[in-house]
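What follows is a short report on a single structure.
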Amino acid sequence: MTQPASNQSTMFVEMLTSHQRAMYAYICMLLMGDPGAADVLQDTNLDLWARAQEFDFERPFLPWAFGFARQRVLAYRKTRSRSRLVFGEEAINQIEDACAQQAVNADVRLAALQKCLHNLDVKQAELIRERYIAKTSLRIMAAHLGDTAHNIASRLHRIRKKLSRCVQASLATEKR
Amino acid sequence: METPQQQFDRLLSLVLDGSCTEDDREELSRLVVEHPGFEPELVEALLIHSLLQWQSADVAAVVPEMRLLDDATLSATSDAPRRSGAWKLALVGARWKLAAAVLLAFVGGTLAWRTGTQDDSSAIAQLVAVDGIQWSEKSTALQADKTVSSGRLQSSAGSFTLKFRSGPTVRFSGPSIVDIESDMLIALQQGQATADVPESGIGFTITTPNVRVIDQGTQFGVAAEGDNTDVIVFEGKVDLQNQIRKAAPQQRLVRGEAVSVDATGAMNRIMQIGQNAAGDWWTTDRADLDNTIEEVRDNVPMGIGTSYSCFQIAFQGLKDDAFAYADHPHQWNGLSAEGLPALLQGADLVRTFNDYRYMPDLEMVVTLRKPANLYIFFDDRVPTPDWLASQFEDTGVDIGLDEGKHELTPDFEVAVGGGNSIDRICSVWRRRCGDLAPIRLGPVGPTSEARAMYGIAATPLEEP
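Chains A and B supply the protein sequences, listed in that same order. The opening residue of the first sequence carries number 774 in this note's numbering; numbering runs sequentially from there. The opening residue of the second sequence carries number 102 in this note's numbering; numbering runs sequentially from there.
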């Protein structure tokens, strides 16, 4: 396998590293939040490195990288198709472009999200922390809080909606 | 009976929180196809979910460490992939570990956010130093206990320094208007900010109306004045996103580079900046400092990898351990513990570019502001070029260059003080300049050995 020249290798690794967030977001979205997204990202990174020689530094990196990520997502979906715990292909095709557009700006949105997390009240922040940081299962959370898993899921969904609105408002304010 | 919206909300919450059945996924899938209007909401929810996932250390922990290894290192790394070529991308570890520098920003951000939510504190930063500061009444972010929350800080004079919860320390100089958005994001409307960002703060971002500056582990400065933004990198690197020309590709600036972004979004080279003696303030306005040196220019064309090279003229900046170059971490030192010779102590210092040492057609023009002794520190390994011998005299004094860690010298470390870790000897050449005629300097010149770029310094002639 031919590899790019040294300085281009450095540039390529820096580019690959700095776009990890956007690539992860894109993959995670296409996989509907499936926990396999991190593994798919690893595989995509290897694919990208193997094809680094072909990358044109005059062109934007992410559209090129998303092409490889998409192939890896499809491959992953095939491996999971027996258990069928994947989203329908028609639905995926429908949202694919929108996912790419959103993922390109993952850095900006993440910065806004970090700010918005401070706007959550104590109970909301606690739920998000348990779900995403502590990785507590809904069943355990429900048992601790004396509620049903269904209700906990609904509350988390409302919090994500709130965060989403906050992020959008924050970005709109910044544009002004 | 559930409405489609209620059904969508229920199914999406189940899918994203991992408690769904196969039927739930299929039902959501079908619903999205049948009701395309749900698409924006679905995509937005997926994005928020993925960003929250990313923030968790768990995700970062399985994303590979990416770095370049040479052959020797690679052979010693048993689980690294074997590839041909001088450099390889190594994905380290059987279960890839938390590493890539860029990820640290988000791990750091996550920890900072965790701390913030756990102690229920709104403090984003701490005011750690002020000097002659005059706050405006419009400063809403400053709390009585010197903590800083989100909001605006506005000053009409002086300087102040903030230490952010995520790690960066930022010094603001002169009349400033800055909106504190979070511990990773500030919006500089006016004034000068010089940021020192540790690894934990990589990703720290300063926005101005025309550019977004994203730190990649560095010390950098941003100045917003009128329609212009100046950005300079003192150490490390930053990424610039043009806020005017949104479609423009991201621009990376590395150590020693600087750009000015104008109202149209055009990026132009800044040929030089001046720095004060303390090295904690810089300016692009030559009138701001009483430097002996008015201007340094070069004939290096754009587009050969040094497009945005910016000379740094340090007012009275020559002392032991002063950085010799804008682009490399090497330092000037005296050859003994006594340090630099007295005639050079406190001279105005031009930080040139060590990468210029191999340019055969290099020409630099130095213009003085006042009569001065102009000094050139020239590598003893290199034959004396004609332009030097014909214009300057060898003082017989030597100084040392202490080389630091760099691409070609990865094992080097700089030491503190004179006489320590001297790697190269440079002769001190002098020219007495009684008038202000521009002085033309040439290339380092050929040699069979490695070479160092020459240094430039000046001291004002004593009043008669």
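In this text, a Cβ means the ideal position worked out from N, Cα and C, and glycines have one as well. This structure is a prediction, so every number in the text was calculated from the model and none was measured.
_Just to confirm, is the Cβ distance from B/ASP316 to A/LEU929 under 7 Å?_
As a position in the second sequence, residue 316 of chain B is number 215, starting the count at 1. As a position in the first sequence, residue 929 of chain A is number 156, starting the count at 1. No, the Cβ-Cβ distance between B/ASP316 and A/LEU929 is not below 7 Å.
_Considering only DSSP beta bridges, list what B/HIS507 is partnered with._
Here residue 507 of chain B refers to the residue found at position 406 when the second sequence is read from its first residue. Beta-bridge pairing links B/HIS507 to B/THR510.
*Residue burial classification, B/PRO269 (beta-carbon count within 10 angstroms, cutoff 16)*: Stepping through the second sequence from its first residue, residue 269 of chain B is reached at position 168. Per the 10 Å Cβ criterion, buried.
_By the DSSP assignment, the alpha helix (DSSP H) with A/TYR799 in it spans what residues?_
By 1-based counting over the first sequence, the position of residue 799 of chain A is 26. 793-803 is the span of the alpha helix (DSSP H), which, as asked, contains A/TYR799.
*Any 3 or more C-beta pairs closer than 8 Å across the segment 389-396 of chain B and the segment 484-491 of chain B*: no
*Would you mind sorting B/GLU102 into buried or exposed? The rule is 16 or more other CB atoms within 10 Å of its CB.*
Start at 1 with the first residue of the second sequence, and residue 102 of chain B comes out as number 1. The question names Glu, but residue 102 of chain B in the sequence shown is Met. With fewer than 16 neighbouring CB atoms inside 10 Å of its own CB, B/MET102 falls in the exposed class.
*Could you tell me how far apart the beta carbons of B/ARG552 and B/ARG458 are, in whole angstroms, since I believe they sit closer than 8 Å?*
Counting from 1 along the second sequence, the entry for residue 552 of chain B is found at position 451. Counting from 1 along the second sequence, the entry for residue 458 of chain B is found at position 357. Confirmed, Cβ separation roughly 5 Å.
*Counting Cβ pairs closer than 8 Å, one from the segment 452-470 of chain B and one from the segment 523-543 of chain B, do we hit at least three?*
yes
*asked:* Starting from B/SER79, trace the beta strand (DSSP E) in both directions and tell me its first and last residue.
replied: Because chain B is modelled from 102 through 565, residue 79 of chain B falls outside the range shown and cannot be assessed.
*In chain order, what residues of the segment 270-292 of chain B put their CB closer than 9 Å to some CB of chain A?*
Here the close residues are GLU282, SER283, ASP284, MET285, LEU286 and ALA288.
*Does the beta carbon of B/SER151 come closer than 7 Å to any beta carbon on chain A?*
Working through the second sequence from its first residue, we reach residue 151 of chain B at position 50. It does; some Cβ of chain A falls within 7 Å.
*Would you check if the distance between the CB atom of B/ARG452 and the CB atom of B/TYR426 is smaller than 7 Å?*
Indexing the second sequence from 1 puts residue 452 of chain B at position 351. Indexing the second sequence from 1 puts residue 426 of chain B at position 325. At a Cβ-Cβ threshold of 7 Å, B/ARG452 and B/TYR426 count as neighbours.
*Check distances from the C-beta atoms of the segment 825-845 of chain A to those of chain B and list, in chain order, the residues that come in under 7 Å.*
PRO833
*Assuming B/ALA325 contacts B/GLN352 under a Cβ cut-off of 8 Å, what Cβ separation, rounded to an integer in Å, is found between them?*
As a position in the second sequence, residue 325 of chain B is number 224, starting the count at 1. As a position in the second sequence, residue 352 of chain B is number 251, starting the count at 1. Actually they do not touch by this definition, with Cβ atoms about 17 Å apart.
*Excluding the 5 residues preceding and the 5 following A/HIS792 in the sequence, name in chain order all residues of the same chain whose CB lies nearer than 8 Å to its CB.*
Taking the first sequence and counting its residues from 1, the one referred to as residue 792 of chain A is at position 19. Excluding residues within five positions, the ones whose Cβ falls inside 8 Å are PHE834, LEU835 and ALA838.
*Under 8 Å between beta-carbons, which chain A residues line up against B/LEU99? List them in chain order, please.*
Outside the modelled stretch of chain B, which goes from 102 to 565, sits residue 99 of chain B, for which no answer is possible.
*Can you grab the Cα-Cα spacing for the pair B/LEU463 / B/ASP480, in whole Å?*
Here residue 463 of chain B refers to the residue found at position 362 of the second sequence. Here residue 480 of chain B refers to the residue found at position 379 of the second sequence. Roughly 16 Å between the two C-alpha positions.
*So, using beta-carbon positions, are B/VAL133 and A/ALA798 closer together than 7 Å?*
On the second sequence, position 32 is the one that residue 133 of chain B refers to. On the first sequence, position 25 is the one that residue 798 of chain A refers to. Contact flag unset, no.
*Please confirm if A/TYR797 has its CB atom under 7 Å from at least one CB of chain B.*
Indexing the first sequence from 1 puts residue 797 of chain A at position 24. Taking Cβ atoms only, chain B reaches closer than 7 Å to A/TYR797, which makes this a yes.
_chain B within 7 Å of A/GLU903, Cβ atoms only_ = For the purposes of this step, residue 903 of chain A is identified with residue 130 of the first sequence, where counting begins at 1. It does not; no Cβ of chain B falls within 7 Å.
*Whose CA, out of A/ASP816, A/ALA811, A/ALA885 and A/THR946, lies closest to the CA of A/ARG845?*
On the first sequence, position 72 is the one that residue 845 of chain A refers to. Looking at the Cα atoms, A/ASP816 is the closest of the given residues.
*asked:* Could you check whether the Cβ of B/SER176 sits closer than 7 Å to any Cβ belonging to chain A?
replied: On the second sequence, residue 176 of chain B is found 75 positions in, with the first residue counted as 1. Only weak support exists for where B/SER176 lies, its pLDDT of 41 falling under 50; the coordinates are left without a value.
*In whole angstroms, what is the alpha-carbon distance linking A/PRO808 and B/SER151?*
The count along the first sequence starts at 1 and reaches residue 808 of chain A at position 35. The count along the second sequence starts at 1 and reaches residue 151 of chain B at position 50. Cα to Cα, A/PRO808 sits roughly 10 Å from B/SER151.
*asked:* Bridge partners for B/LEU254 per DSSP, in chain order?
replied: The residue labelled residue 254 of chain B in the question sits at position 153 within the second sequence. Answer is B/VAL279.
*asked:* Does any residue of chain A have a CB that is nearer than 7 Å to the CB of B/TRP155?
replied: Within the second sequence, numbered from 1, the residue matching residue 155 of chain B stands at position 54. B/TRP155 counts as touching chain A.
*For the segment 311-330 of chain B, enumerate the residues whose C-beta is nearer than 9 Å to any C-beta of chain A, in chain order.*
Within the segment 311-330 of chain B, those residues whose Cβ lies closer than 9 Å to any Cβ of chain A are, in chain order, ARG313, ILE315 and GLN317.
*Does the distance from the C-beta atom of B/VAL323 to that of B/VAL332 stay below 7 Å?*
Locating residue 323 of chain B in the second sequence gives position 222, counting from the first residue. Locating residue 332 of chain B in the second sequence gives position 231, counting from the first residue. The beta carbons of B/VAL323 and B/VAL332 sit closer together than 7 Å.
*State the beta-bridge partners of B/SER465 as determined by DSSP.*
As a first step, residue 465 of chain B must be located in the second sequence, where it is residue number 364. Contrary to the premise, residue 465 of chain B reads as Met rather than Ser in this sequence. The bridge partners DSSP lists for B/MET465 are B/ASP399 and B/LEU542.
*May I ask you to list the residues that DSSP assigns as paired with B/PRO310?*
Position 209 of the second sequence, counted from the start, is the residue given in the question as residue 310 of chain B. Paired residues: none, contrary to the question.
*asked:* Closer than 7 Å between beta carbons: that is the criterion. Which residues of the segment 350-382 of chain B meet it against chain A?
replied: Using a CB distance below 7 Å, the part of the segment 350-382 of chain B facing chain A consists of PRO350, ordered along the chain.
*Taking DSSP as the reference, what is the three-state secondary structure of B/LEU286?*
Numbered from 1 along the second sequence, position 185 holds the residue referred to as residue 286 of chain B. Of the three classes helix, strand and coil, the one that applies to B/LEU286 here is strand, per DSSP.
*Would you check if the segment 370-386 of chain B and the segment 436-443 of chain B touch, i.e. whether three or more CB-CB distances between them fall below 8 Å?*
no
*Under the three-state reduction of DSSP, which class applies to A/THR783: helix, strand or coil?*
Within the first sequence, the letter at position 10 stands for residue 783 of chain A. In this structure, A/THR783 counts as helix in the three-state DSSP scheme.
*Along the beta strand (DSSP E) that carries A/GLN867, what are the first and last residues, could you check?*
Start at 1 with the first residue of the first sequence, and residue 867 of chain A comes out as number 94. That residue, A/GLN867, is in no beta strand (DSSP E); its alpha helix (DSSP H) goes 862-877.
*asked:* Let me confirm a value: B/MET167 is counted as buried when at least 16 other C-beta atoms fall within 10 Å, else exposed. Which label applies?
replied: Translated into the one-based positions of the second sequence, residue 167 of chain B becomes position 66. With a pLDDT of 47 at B/MET167, under the threshold of 50, the modelled position of this residue cannot be trusted, and the question is left open.
*Partners in chain A for B/GLU128, counting only beta-carbon separations shorter than 7 Å*: Taking the first residue of the second sequence as position 1, residue 128 of chain B is located at position 27. Those within 7 Å of B/GLU128 in chain A number zero; the least Cβ separation is about 10 Å.
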